[in-house]
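So the structure is just underneath, and the comments pick up after that.
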Amino acid sequence: MDIPNDQSLSDAAAGFAKEQLKSFIERVERLEEEKATIAEDIKGVFAEAKGTGFDVTALREILRIRKQDADQRAEHEAIVDLYLQALGMVG
880 MDIPNDQSLS DAAAGFAKEQ LKSFIERVER LEEEKATIAE DIKGVFAEAK
930 GTGFDVTALR EILRIRKQDA DQRAEHEAIV DLYLQALGMV G
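In terms of the numbering used here, the sequence shown opens at residue 880 and continues consecutively.
Take a look at the structure:
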């Protein structure tokens with residue numbers, strides 16, 4: 880029976896860690912590629928929307944608002960309304 884020594888266990892652990900590290904790096908690289916593809920797709924959708932006459936800045940604002948929690952959004956809108964009233968910009 881061959882009993883592994885400390886060096887062979889250390890080499891095995893290093894080999895496993897190396898493969899695990901390589902796997903993590905490759906997964907992140909694949910995700911980065913997917914993210915770049917998705918970003919290009921989003922850019923294309925905005926270009927299409929702009930081509931049909933929509934205001935892309937307004938669309939981005941709507942997307943930002945839709946990501947907010949309803950209570951958070953209501954609080955923000957109330958503060959903005961208060962500031963607009965203080966500046967005499969709304970009646």
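C-beta atoms are modelled at their ideal positions from N, C-alpha and C, and glycine is treated no differently. Every value quoted in this text rests on a predicted model; they were computed, and no experiment measured them.
task = Scan the region 881-941 and note each continuous alpha helix (DSSP H) run of 4 residues or more that stays entirely inside, going in chain order.
result = Qualifying alpha helix (DSSP H) stretches, in chain order: 885-930.
Nonlocal neighbours in the same chain, by C-beta distance under 6 angstroms from GLN964, ignoring five residues either side = none
task = Please state whether DSSP places ASP948 in a helix, a strand or coil.
result = Of the three classes helix, strand and coil, the one that applies to ASP948 here is coil, per DSSP.
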